[in-house]
Amino acid sequence: MSRVLKSFPKALVRDDDNLPPIVHPFQSAAPQQLLVNCRTLLRMWENKVPGSEVFVRETIHREMNRIFQEHHSCDHIMLLSACQAYLLYSIYLFFCTDSDTSALVDTATMINPQELASSMSLRLYPPSAESAAQPRTGMHGSSPR
37 MSRVLKSFPK ALVRDDDNLP PIVHPFQSAA PQQLLVNCRT LLRMWENKVP GSEVFVRETI
97 HREMNRIFQE HHSCDHIMLL SACQAYLLYS IYLFFCTDSD TSALVDTATM INPQELASSM
157 SLRLYPPSAE SAAQPRTGMH GSSPR
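Per my numbering, the sequence shown starts with residue 37, numbered consecutively.
Dropping the structure here:
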């Protein structure tokens, strides 16, 4: 399982057109800025120059914080990209062998993707739509005829 997860961010940073399986191909035609930023920052990390580690690490951390702080104002397509980018950053940091970088993986790094996914699901299926889709029951719990 860890090999599969490790491959997701690596697929994003390669120069070919392959995308990680969590990014739908329709998104490659007009990629959202969050995924473009994610690709750029992960490429910076992959190709970092000695001495630039702190800068790149802090930039990734700031971007993750920004994504999470601003996700409530995203439309549903941008929120999808926010979820994907945050998850790709999290996976990358989780499997990073650099102790300073892996230290960025804290409780928030694990909980925030769940919050992003929850926000996305609530936008796709708001509670009012869910209750409207349920069948009405008549007296004694039976469906009306």
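Positions of the beta carbon are idealized from the N, C-alpha and C atoms, including for glycine. Quick caveat, the model's predicted, so the values are computed rather than measured.
How would you call residue 92, buried or exposed, if buried means at least 16 neighbouring beta carbons within 10 angstroms?
-> buried
Assigned secondary structure, residue 102 (DSSP; H/G/I helix, E/B strand, else coil) | helix
Collapsed DSSP secondary structure at residue 58 in the structure displayed = coil
Since residue 78 and residue 45 are thought to touch, with beta carbons under 8 Å apart, how far apart are those beta carbons, to the nearest angstrom?
-> 5 Å
Taking 6 Å as the cut-off, does the CB of residue 144 come closer than this to any heavy atom belonging to the ligand HEM?
-> Within the structure as shown, the ligand HEM is missing, as the structure has no ligands at all.
Candidates 144, 115, 129, of which the one nearest residue 159 by Cα = When each option's Cα is compared against that of residue 159, the closest is 115.
Output the boundary residues of the alpha helix (DSSP H) element that contains residue 85.
-> Counting along the chain, residue 85 falls outside any alpha helix (DSSP H), and DSSP gives it neither H nor E.
Coil, strand or helix - residue 161 by DSSP = Coil, per DSSP.
May I have the straight-line CA-CA distance separating residue 131 from residue 40, to the nearest angstrom?
-> Going from the Cα of residue 131 to the Cα of residue 40 covers about 11 Å.
Through-space distance from residue 148 to residue 104, alpha-carbon basis = 7 Å
Measuring alpha carbon to alpha carbon, tell me which of 123, 129, 89, 69 ends up nearest residue 153.
-> 123
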